[in-house]
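In the order they appear, the protein sequences are chains Y and R. Position 132 of the first sequence, counted from 1, bears residue number 131 in numbering that gives the first Met the number 0, the numbering being contiguous throughout. Position 42 of the second sequence, counted from 1, bears residue number 41 in numbering that gives the first Met the number 0, the numbering being contiguous throughout. Think of the CB as a built atom: it goes at the ideal place given N, C-alpha and C, for glycine as much as any other residue. Comments concern the structure below.
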Amino acid sequence: MTVTAPQIEEQEIHPDVALVELARAGDQAAFEKLVRQYDRQIFRTAQHITQNREDAEDITQDVFLKAYRKLDQFQGNSKFSTWLTRIAVNESLMRLRKRKTSRTVSMDQDVQTEEGSIPRDFADWSPNPEQNFTQSELSEILKKTIAGLAPGFRTVFTLRDIENLSTEETAEALGLSVPAVKSRLLRARLQLRERLSRYLKKNEGLTS
Amino acid sequence: MTCTEFLAKMTDFFDGHVEPTLLSEIKTHLGECHHCEVVVSTTRQTIEIYRDNEVYELPTNVRERTISSIMARCKEGC
């Protein structure tokens with residue numbers, strides 16, 4: 000048996016961890032720094048999941064209040080932002096369930112469908128297709144397109160591709176396995192591509 | 000490599016997580032298959048468009064109101 004000497008922990012402390020320590024000790028300015036660092040990301044995540052602005056604003060507030068109350072439970076094993084995101088996802092799904100009392104809402108809803116898992120549209124896009132639209136037209140197209148995805152797909156796409164979390168962080172935030180995240184990400188990307196193609200493919204403008 | 004086999008590896012390919020041998024097979028396939036080449040380029044564009052255009056912005060006044068409310072409740076012990 001080989002006995003290895005205990006490794007001396009010389010890892011650099013993430014600035015968030017230092018702020019969390021200060022906040023735990025009652026430094027509210029430190030907590031406000033954390034709020035200002037992540038409030039927009041939490042708001043976007045909540046709005047992508049709930050598709051409702053008022054809910055997203057309420058959730059943003061609830062996430063930070065819950066985080067403040069539970070700061071002692073943050074172990075530092077994951078990034079603070081991933082820990083916050085996990086709270087935001089849970090709060091958002093709860094909010095969706097409240098709104099849609101007749102339907103079960105979960106990360107697994109509608110993800111079993113095969114819809115959009117095989118590409119069908121092979122038309123190429125213009126080099127900068129977004130230039131064919133005004134900013135507000137493009138924004139509407141992007142909102143409408145992502146809103147059409149099942150929550151389990153749009154949440155994975157939001158965290159991985161919009162908020163730039165790693166596959167592992169996304170898996171942790173959603174309580175999913177890494178292979179499940181990869182599978183959902185592929186299908187989310189393919190479905191969005193297929194739907195956007197209606198607007199962005201060459202020689203075609205806004206279609207009804 | 001078939002199109003189905005390529006699709007199964009597309010996420011790893013985008014993340015740069017494929018072994019050199021597999022990467023070479025993928026590049027050969029993309030050189031021969033126009034459909035998969037289009038799927039790759041338009042999927043990349045899909046990701047870039049969403050990254051470059053923030054769909055949901057938190058207006059400054061709402062943001063400041065939300066932060067003030069959070070901090071006021073924290074001061075009261077939530």
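Remark: C-beta atoms of Leu-191 of chain Y and Thr-144 of chain Y approach each other more closely than 8 angstroms. For Leu-175 of chain Y, the closest C-alpha among the options Y:Glu-162, Y:Leu-189, Y:Arg-188, Y:Leu-158 is that of Y:Leu-158.
In the DSSP assignment, the residues bridged to Trp-124 of chain Y are Y:Lys-200. Under the three-state reduction of DSSP, Met-0 of chain R is assigned to coil, being neither helix nor strand. Under the DSSP assignment, Ser-23 of chain R falls in the alpha helix (DSSP H) whose first and last residues are 19-31. If you look at Asn-52 of chain R, you'll find it isn't in any alpha helix (DSSP H); DSSP assigns it neither H nor E. Counting of Cβ neighbours within 10 angstroms places Ser-23 of chain R among the exposed residues, the total staying below 16. Put simply, the CB of Asn-60 of chain R is far from chain Y, with every gap to its CB atoms at 8 angstroms or more. Proximity of chain R to Glu-168 of chain Y at the Cβ level (cut-off 9 angstroms) is not reached, the minimal Cβ distance being about 13 angstroms.
In this chain, Phe-132 of chain Y is not harboured by any alpha helix (DSSP H), its DSSP state being neither H nor E. Thr-59 of chain Y is positioned such that its CB atom lies no closer than 8 angstroms to that of Phe-79 of chain Y.
Its Cα nearest to that of His-34 of chain R, the residue Y:Phe-121 stands out among Y:Leu-164, Y:Phe-121, Y:Ser-165.
Taking 8 angstroms as the CB threshold, Thr-41 of chain R lines the interface with chain Y. Below 8 angstroms, enough C-beta pairs join the stretch 181-200 of chain Y and the stretch 9-17 of chain R to call them touching: three or more. Chain order gives the chain R residues near Lys-142 of chain Y as Val-54, where near means a beta carbon separation below 7 angstroms. Distance from the Cα of Asn-76 of chain Y is smallest, within the candidate group Y:Glu-167, Y:Leu-199, Y:Arg-197, for Y:Glu-167. Among the residues of chain Y, those whose CB is under 7 angstroms from the CB of Met-70 of chain R are Gln-27, Glu-31, following chain order.
Counting along the chain, Thr-59 of chain Y sits inside the alpha helix (DSSP H) bounded by residues 52-68.
In this structure Asp-15 of chain Y is in contact with Leu-33 of chain Y, their Cβ atoms being roughly 7 angstroms apart against a cut-off of 8 angstroms. Less than 8 angstroms divides the Cβ of Ile-48 of chain Y from the Cβ of Val-88 of chain Y. By the Cβ-count criterion, Gln-44 of chain R is buried, with 16 or more other Cβ atoms from all chains shown falling within 10 Å of its own Cβ.
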